[in-house]
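Before any comments, here is the structure.
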Ligand SMILES: NC(=O)c1ccc[n+]([C@@H]2O[C@H](COP(=O)([O-])OP(=O)(O)OC[C@H]3O[C@@H](n4cnc5c(N)ncnc54)[C@H](O)[C@@H]3O)[C@@H](O)[C@H]2O)c1
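Numbering (my numbering), first residue to last: 17 to 343.
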């Protein structure tokens, strides 16, 4: 199949490109490189187009030859959205509507062009229920979460209104190789691993008892690839996580064991927009994807530490912001 991956030069996108190519699919990537890196695609055969999902001409040109679109391009991270809520809205909500409209209106090889959209567990926000079920109320706590809920709603709306085959996955905290540390909005796992490997202090917002359903990127891309291959379409958003719940304190302990050294930890105030706990109910996911076996957390953490060692060896990146991010 011909698959367009928006945001394909980013963390999840570049892992997905490899997964799709390994399974024989042709991939095109549209990415504005605002947080992604073209070098993430080194060694792949993906057609790379440097551009924005907000530019309909570029988007339409790529959509025309696609059988499926996996739409990952976004201004990710809660803190980034606190700094500029309108930019997050324009890219995450407006950009998603652009992608859906392009898929609906552009003629081409495929008449029933599938669109898979990345939503986020952050849409559950202030809803304290655990585990999170797809029909639980959504209560966004940040502009990022609100923009993701809007993106997801447009995705479901286009399916109902225009019979566009769509599916919106709520990703939880995804981690793995190519998730970059060393920038102000770094996610918690790469930030902690980076600190652990460079002997710097890990900064924990709060007391470290907050928990997340940390999901290996290998599990996420295997699910997305399967959804493309079976041309899945769903009237409900789907959690894409398997119900693991790990606190930041447990994460730090496991990391200390892996790097075989005690870690320096500093606790600071809680961060705005962060939810205390997050854990998926994976029942719907398991029903739709009975063949997907989640990668074990410890194996994935080890693979991520190994990748980070290689990354550090080839980079001079040393600035870190050690913060737990509900993404
Ligand atoms: N990583 C997680 O834990 C997590 C959790 C929930 C949801 N998500 C969602 O998954 C998707 C991928 O996230 P990621 O972690 O790989 O983030 P990422 O920042 O690594 O990837 C996003 C990519 O989109 C690109 N991009 C941003 N704006 C663009 C635009 N206007 N046009 C084209 N490209 C643009 C960036 O350059 C980047 O390569 C995002 O939609 C994010 O909101 C991620």
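For each residue, glycine too, the CB sits at the ideal point set by N, CA and C.
Computed from a prediction, not measured in an experiment: that's the story for all the values here.
In three-state DSSP terms, what is residue 339?
Your numbering for residue 339 matches position 323 in the chain shown. Any reading at residue 339 must be qualified, since the residue scores a pLDDT of 35, below 50, and its modelled position is unreliable; no value is offered.
Fully enclosed by the region 140-225, which alpha helix (DSSP H) runs are 4 residues long or longer?
Correct list: 159-178, 204-214.
Kindly confirm or deny that the region 206-219 and the region 161-169 touch, where touching means at least three C-beta pairs closer than 8 angstroms.
No, they do not touch.
With distances taken between CB atoms, is the gap from residue 237 to residue 32 smaller than 8 angstroms?
For this step, residue 237 is matched to residue 221 along the chain shown. For this step, residue 32 is matched to residue 16 along the chain shown. Yes.
Express the C-alpha separation of residue 223 and residue 183 in angstroms, rounding to a whole number.
For the purposes of this step, residue 183 is taken as residue 167 along the chain shown, with counting starting at 1. For the purposes of this step, residue 223 is taken as residue 207 along the chain shown, with counting starting at 1. Spanning the two alpha carbons is a distance of roughly 36 angstroms.
For residue 128, is the classification buried or exposed, using 16 other Cβ atoms within 10 angstroms of its Cβ as the cut-off for buried?
Position 112 of the chain shown, counted from the first residue, corresponds to residue 128. Its Cβ having fewer than 16 others within 10 Å, residue 128 is exposed.
I'd like the span of the alpha helix (DSSP H) that includes residue 27, first residue to last.
Numbered from 1 along the chain shown, position 11 holds the residue referred to as residue 27. That run of the alpha helix (DSSP H) goes 27-38.
Heavy atom of ligand 1 less than 7 angstroms from the Cβ of residue 89, yes or no?
If you number the chain shown from 1, residue 89 lands on position 73. For ligand 1, at least one heavy atom lies less than 7 angstroms from the Cβ of residue 89.
Are there 16 or more other CB atoms within 10 angstroms of the CB of residue 310, so buried, or fewer, so exposed?
Translated into the one-based positions of the chain shown, residue 310 becomes position 294. With 16 or more other Cβ atoms within 10 Å, it is buried.
Look at residue 296 and residue 137 and say whether their C-beta atoms are less than 8 angstroms apart.
Taking the chain shown and counting its residues from 1, one reaches residue 296 at position 280. Taking the chain shown and counting its residues from 1, one reaches residue 137 at position 121. Their beta carbons are under 8 angstroms apart, which means residue 296 touches residue 137 by this criterion.
Say yes only if the C-beta of residue 164 is nearer than 7 angstroms to one or more non-hydrogen atoms of ligand 1, and no if none qualify.
Reading the chain shown from its first residue, position 148 is the one you call residue 164. Indeed, a heavy atom of ligand 1 lies less than 7 angstroms from the Cβ.
Mind checking which residues open and close the beta strand (DSSP E) that includes residue 87?
Looking up residue 87 in the chain shown gives position 71. Counting along the chain, the beta strand (DSSP E) containing residue 87 begins and ends at 84-87.
Just the C-alpha distance for residue 23 and residue 36, rounded to the nearest angstrom, thanks.
Numbered from 1 along the chain shown, position 7 holds the residue referred to as residue 23. Numbered from 1 along the chain shown, position 20 holds the residue referred to as residue 36. Each residue's Cα considered, the two are about 15 angstroms apart.
Could you tell me whether any non-hydrogen atom of ligand 1 is closer than 7 angstroms to the CB of residue 234?
Your numbering for residue 234 matches position 218 in the chain shown. No.
Considering only heavy atoms of ligand 1, does any lie closer than 7 angstroms to the CB of residue 26?
Here residue 26 is taken as the residue at index 10 of the chain shown, counted from 1. Yes.
DSSP three-state label for residue 134, please.
Sequence index remark: in the chain shown, residue 134 carries index 118 (1-based). Strand at residue 134.
Which residues in the same chain have their Cβ closer than 6 angstroms to the Cβ of residue 248, if we skip the five residues on either side of it in sequence?
If you number the chain shown from 1, residue 248 lands on position 232. 183, listed in sequence order.
According to DSSP, is residue 308 helix, strand or coil?
If you number the chain shown from 1, residue 308 lands on position 292. It is coil, neither helix nor strand.
Could you tell me the alpha carbon to alpha carbon distance between residue 134 and residue 94, rounded to whole angstroms?
Sequence index remark: in the chain shown, residue 134 carries index 118 (1-based). Sequence index remark: in the chain shown, residue 94 carries index 78 (1-based). Going from the Cα of residue 134 to the Cα of residue 94 covers about 15 angstroms.
Could you give the DSSP three-state label for residue 47: helix, strand or coil?
Locating residue 47 in the chain shown gives position 31, counting from the first residue. The answer is strand: DSSP assigns residue 47 an E or B state.
Please classify residue 341 as buried or exposed, where buried requires at least 16 other C-beta atoms within 10 Å of its C-beta.
Within the chain shown, the letter at position 325 stands for residue 341. Interpretation of residue 341 is limited by its pLDDT of 41, a score under 50 that renders its predicted location unreliable; no figure is taken from the coordinates.
Distance check for residue 122 and residue 348, CA to CA, integer angstroms please.
In the structure as shown, the chain begins at 17 and stops at 343. Residue 348 is therefore absent and cannot be evaluated.
Return the chain-ordered list of same chain residues with a C-beta closer than 7 angstroms to the C-beta of residue 78, the five sequence neighbours on each side being excluded.
The residue you call residue 78 lines up with position 62 of the chain shown. Taken in chain order, the residues that qualify are 20, 44, 46, 65.
Any idea what DSSP makes of residue 94, helix, strand or coil?
Within the chain shown, the letter at position 78 stands for residue 94. Note: residue 94 maps to helix in three-state DSSP.
Quick test of the definition: if touching needs 3 or more C-beta pairs under 8 angstroms, does the region 108-116 touch the region 171-182?
Yes, the region 108-116 touches the region 171-182.
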